[in-house]
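Note that the first sequence ends on residue 455 in UniProt numbering; no numbers are left out.
Quick reminder that beta carbons are idealized off the backbone N, C-alpha and C, glycines included.
All of these numbers come straight from a predicted model, not from anything done at the bench.
Worksheet for the structure shown next.
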Amino acid sequence: MTLFVYNSYTGTKEAFEPIKPDTVTMYVCGPTVYNRVHIGNARPVVVFDTLYRVLKTLYSSVIYARNITDIDDKIMAAAKAGGETIAAISSRYATAYFDDMAELNNLPPDIIPYATDHVGEMVAMIQTLIDKGHAYEAESHILFDVKSMSGYGKLAKRSLEDMLAGARVDVADYKKYAGDFVLWKPSTDEEPGWDSPWGRGRPGWHLECSAMIEKHLGNTIDIHGGGIDLQFPHHENELAQSTCAHDGEPFVRYWMHNAYINIDGEKMSKSLGNFRMVKDLLDHYPGEVLRFSILSAHYRSELNFSADALDSAQKTLDNLYGVLRSVETTDVDPVIELSDSKVYKALLDDLNTPIAIREIHALAKAMKSASGETQQRLKSELLKSAALMGILQQDPDEWLMVKAGEGDLSDIEVENQVVEMQQARQQKDYKHADDIRDRLQQRGIILTRDGWKRG
RNA sequence: GGCGCGGUGGCAGAGUGGUCAUGCAGCUGACUGCAACUCAGUUAACGCCGGUUCGAUUCCGACCCGCGCCUCCA
Numbered sequence: 001m002t003l004f005v006y007n008s009y010t011g012t013k014e015a016f017e018p019i020k021p022d023t024v025t026m027y028v029c030g031p032t033v034y035n036r037v038h039i040g041n042a043r044p045v046v047v048f049d050t051l052y053r054v055l056k057t058l059y060s061s062v063i064y065a066r067n068i069t070d071i072d073d074k075i076m077a078a079a080k081a082g083g084e085t086i087a088a089i090s091s092r093y094a095t096a097y098f099d100d101m102a103e104l105n106n107l108p109p110d111i112i113p114y115a116t117d118h119v120g121e122m123v124a125m126i127q128t129l130i131d132k133g134h135a136y137e138a139e140s141h142i143l144f145d146v147k148s149m150s151g152y153g154k155l156a157k158r159s160l161e162d163m164l165a166g167a168r169v170d171v172a173d174y175k176k177y178a179g180d181f182v183l184w185k186p187s188t189d190e191e192p193g194w195d196s197p198w199g200r201g202r203p204g205w206h207l208e209c210s211a212m213i214e215k216h217l218g219n220t221i222d223i224h225g226g227g228i229d230l231q232f233p234h235h236e237n238e239l240a241q242s243t244c245a246h247d248g249e250p251f252v253r254y255w256m257h258n259a260y261i262n263i264d265g266e267k268m269s270k271s272l273g274n275f276r277m278v279k280d281l282l283d284h285y286p287g288e289v290l291r292f293s294i295l296s297a298h299y300r301s302e303l304n305f306s307a308d309a310l311d312s313a314q315k316t317l318d319n320l321y322g323v324l325r326s327v328e329t330t331d332v333d334p335v336i337e338l339s340d341s342k343v344y345k346a347l348l349d350d351l352n353t354p355i356a357i358r359e360i361h362a363l364a365k366a367m368k369s370a371s372g373e374t375q376q377r378l379k380s381e382l383l384k385s386a387a388l389m390g391i392l393q394q395d396p397d398e399w400l401m402v403k404a405g406e407g408d409l410s411d412i413e414v415e416n417q418v419v420e421m422q423q424a425r426q427q428k429d430y431k432h433a434d435d436i437r438d439r440l441q442q443r444g445i446i447l448t449r450d451g452w453k454r455g
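The following block contains the structure:
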């Protein structure tokens with residue numbers, strides 16, 4: 001089986017082939033930790049987590065690194081505003097980030113490098129770039145000399161001249177060329193800083209990824225992922241730094257970028273208030289609903305988040321879990337060849353998760369009408385292929401009974417009410433029975449053929 | 001101003017030069033004391049205008065609309 005991925009660098013879908021036959025190296029840009037993360041930040045995590053799961057089925061070793069940017073002017077501003085150190089701020093929000101991502105069923109990466117742990121490596125890379133004639137010092141800043149690199153702009157597929165022609169931003173006058181970007185900048189005494197050959201200062205944003213990739217994954221990696229917004233300038237500049245520091249060695253074999261999540265702010269705020277942070281969404285929906293919503297669109301398409309879409313995702317998962325619950329699992333777990341799975345096949349085609357989800361529905365439908373061994377085989381295939389996307393792995397009973405933000409009536413109280421209602425029905429005391437039903441409904445209890453559920 | 005992306009049924013969202021996406025919602029039927037749940041079935045789309053073609057939602061061009069990026073500040 002071959003994985004195909006869309007390579008942003010070449011603009012085409014390509015058969016994936018790692019440098020080493022059995023090992024894949026993947027790096028995904030993580031967050032700058034100065035606040036709770038936005039749902040948009042969750043998309044690359046969910047997308048590349050899915051890719052990570054798929055890669056693990058194909059290669060014996062997959063090394064996945066996702067960084068934490070813990071030095072940045074935004075963090076400095078937040079620290080100053082709150083009277084805290086940047087370490088306190090970044091550590092608090094990094095922990096919150098890990099919690100949020102875990103709620104969305106994301107596997108932890110193998111390596112989580114922190115920028116502040118790699119200042120030495122960054123300084124070394126700057127020195128290399130200076131020595132090789134790709135960087136220069138100006139007014140205590142070290143700048144990357146864009147003109148020293150041929151092919152700059154190739155990842156973003158734009159001409160530098162075009163971009164600069166239309167730029168609306170003032171250019172710092174110490175730059176030799178307007179396109180040059182900062183590798184190192186000076187810190188005042190009050191600002192966080194590290195000693196360097198060029199004085200006390202701090203690194204430019206793009207540098208950390210180059211330095212950490214070099215240290216943990218090598219000069220050339222297989223996959224580099226992140227949001228499309230990072231393509232330029234962040235990834236373009238990473239590419240420039242790393243390539244120039246390594247005398248033109250290839251930096252990344254496959255660049256992958258996910259599109260944005262759009263939020264209809266007005267609509268959202270009407271129904272659910274401030275809705276953009278993952279944490280806030282988790283107050284209204286289980287993490288798996290958010291994950292399912294993210295995966296319901298192809299990662300390279302823009303995705304619309306709305307209360308409608310999330311409610312629909314919730315309903316869809318409820319239905320799928322309901323089907324799973326209706327089919328009891330026997331002791332025998334049939335051996336399933338993933339290679340026969342249409343879900344797997346869809347994922348191998350550049351992570352076509354909408355098709356994969358369609359095939360999950362097809363499996364569920366087939367499973368319902370099947371019986372015996374066939375049914376068990378279908379159930380196993382359904383569960384194993386859904387696991388590739390990190391969904392449908394919970395106990396269906398728990399999923400259907402317990403939902404985020406519910407739970408003021410205990411299970412036993414509900415049971416008692418249901419029994420009382422059934423008795424009233426048998427005695428044809430329909431008024432009493434309907435009263436109980438209405439009361440349960442108001443508390444979010446839905447009666448079903450074989451019992452009840454919260455919803 | 002420069003460069004680029006997108007407009008699919010009520011909503012979300014795939015895909016294809018000529019038979020189905022799929023899900024949620026809706027509708028019809030079964031079940032029910034009536035409902036709900038469940039089950040079976042079903043309606044409905046391809047921004048606008050030209051062109052290519054036997055045939056275009058799918059290819060080409062113009063137009064309209066929406067969106068993104070333009071360099072420490074995703």
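Test item: CB-CB of residue i and residue j under 8 Å
i, j, result
"E137", "W205", "no"
"Y9", "L155", "yes"
"V335", "K379", "no"
"H216", "G226", "no"
"L207", "M122", "yes"
"N304", "N258", "no"
"R66", "V24", "no"
"D350", "K13", "yes"
"S296", "A313", "yes"
"E381", "L409", "no"
"Y321", "W399", "yes"
"V119", "T69", "no"
"G82", "I89", "yes"
"A79", "I71", "no"
"E302", "Y260", "yes"
"I355", "A366", "no"
Range of the contiguous beta strand (DSSP E) that encloses residue i
i, result
"F144", "141–144"
"G287", "First-last for G287: 287–295, but that is the alpha helix (DSSP H), not the beta strand (DSSP E)."
"E236", "Careful: E236 lies outside any beta strand (DSSP E), inside the alpha helix (DSSP H) at 236–245."
"L447", "445–448"
"N319", "First-last for N319: 307–326, but that is the alpha helix (DSSP H), not the beta strand (DSSP E)."
"H224", "221–227"
Buried versus exposed, by CB contacts within 10 Å (16 or more), residue i
i, result
"A115", "buried"
"I19", "exposed"
"G201", "buried"
"V332", "exposed"
"L440", "buried"
"E190", "exposed"
"M26", "buried"
"N41", "buried"
"S196", "buried"
"T374", "exposed"
"D318", "buried"
"K384", "buried"
Boundaries (first-last residue) of the alpha helix (DSSP H) holding residue i
i, result
"P44", "39–58"
"G120", "119–131"
"E413", "411–426"
"I213", "207–216"
"S369", "353–369"
Residue closest to residue i, alpha-carbon to alpha-carbon, out of the options
i, options, result
"V5", "Q394, R300, T374", "R300"
"V47", "M101, A78, M76", "M101"
"W255", "D397, I223, A88", "I223"
"F144", "H134, Y152, S150", "H134"
"I39", "R443, K80, Y97", "Y97"
"Y177", "W194, P192, S148", "S148"
"V62", "D49, A364, A79, W452", "D49"
"I391", "T329, I294, L281", "I294"
"D397", "R325, G151, P21", "R325"
"K453", "A245, R425, E413", "E413"
Inspect the CB distances between the stretch 284–296 and the stretch 90–108 and report whether three or more fall short of 8 Å. A contact exists between the stretch 284–296 and the stretch 90–108.
Determine contact between the stretch 87–94 and the stretch 178–186, defined as no fewer than three beta-carbon pairs at a distance below 8 Å. No: the two stretches stay apart, fewer than three of their Cβ pairs being nearer than 8 Å.
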